[in-house]
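Letter by letter, the sequence shown follows residues 54 to 172 in this note's numbering.
Every residue gets a Cβ at the ideal spot worked out from N, C-alpha and C, and that includes glycine.
Structure first, then comments.
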Amino acid sequence: MNNALLLEVKSLSKVFPGTRALNSVSLEVRKGEVHGLCGENGAGKSTLMNIVGGVFPATEGIMKFDGKVFNPKNPKDSQDAGIGFVHQELCLCPHLSAAENIFIGRLPSKGGKIDLKTL
Ligand SMILES: Nc1ncnc2c1ncn2[C@@H]1O[C@H](COP(=O)(O)OP(=O)(O)O)[C@@H](O)[C@H]1O
Ligand SMILES: [Mg+2]
54 MNNALLLEVK
64 SLSKVFPGTR
74 ALNSVSLEVR
84 KGEVHGLCGE
94 NGAGKSTLMN
104 IVGGVFPATE
114 GIMKFDGKVF
124 NPKNPKDSQD
134 AGIGFVHQEL
144 CLCPHLSAAE
154 NIFIGRLPSK
164 GGKIDLKTL
């Protein structure tokens, strides 16, 4: 497949106190591709996705999304760029519906109320 490069991760490292979770990881994702990230427990899969998702920053390295330097400061920056992130360790709001949980923070609204039909 020779589609345009969408996500580019270059030499990303992440150091937590006492642990180097990522050591110079690079990844390229092109439009239309599906990738599986495989590795044993503690390999750093969630850490990598959390950095792409804007949950926390990398210690070193750069990312590009759609050709531009991508440096999300928070999950909203990442969402605004077009990245959807379904977390493995979910913290659901049990009083909300499944759809409300999925769209939390960006619920469609109409007349100041949640637009349930669009949701
Ligand atoms: N918030 C954190 N603070 C300190 N260490 C962490 C934190 N998150 C992950 N780690 C450590 O980073 C390494 C990678 O973890 P993680 O990305 O969760 O791996 P995976 O998702 O592949 O199982 C592990 O050694 C883990 O203990
Ligand atoms: Mg994980």
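message = On a Cα-Cα basis, can you pick out the residue from 171, 152 and 105 that is closest to residue 61?
response = Position 8 of the sequence shown, counted from the start, is the residue given in the question as residue 61. Residue 105 is the option with its Cα nearest to residue 61.
ask   = Any heavy atom of ligand 2 within a distance shorter than 7 angstroms of the CB on residue 166?
value = Your numbering for residue 166 matches position 113 in the sequence shown. Not under cutoff, so the answer is no.
ask   = From residue 168 to residue 112, what does the alpha carbon distance come to, in whole angstroms?
value = Locating residue 168 in the sequence shown gives position 115, counting from the first residue. Locating residue 112 in the sequence shown gives position 59, counting from the first residue. Answer to the nearest angstrom: the Cα atoms are 40 angstroms apart.
Residue 98 Cβ short of 7 angstroms to ligand 2 heavy atom set = For the purposes of this step, residue 98 is taken as the residue at position 45 of the sequence shown. Yes, the Cβ of residue 98 comes within 7 angstroms of a heavy atom of ligand 2.
query = Who are the near neighbours of residue 156 in its chain, counting only those whose CB is closer than 8 angstroms to its CB and skipping five residues on each side?
reply = Taking the sequence shown and counting its residues from 1, one reaches residue 156 at position 103. Cβ neighbours of residue 156 beyond the five flanking positions: 172.
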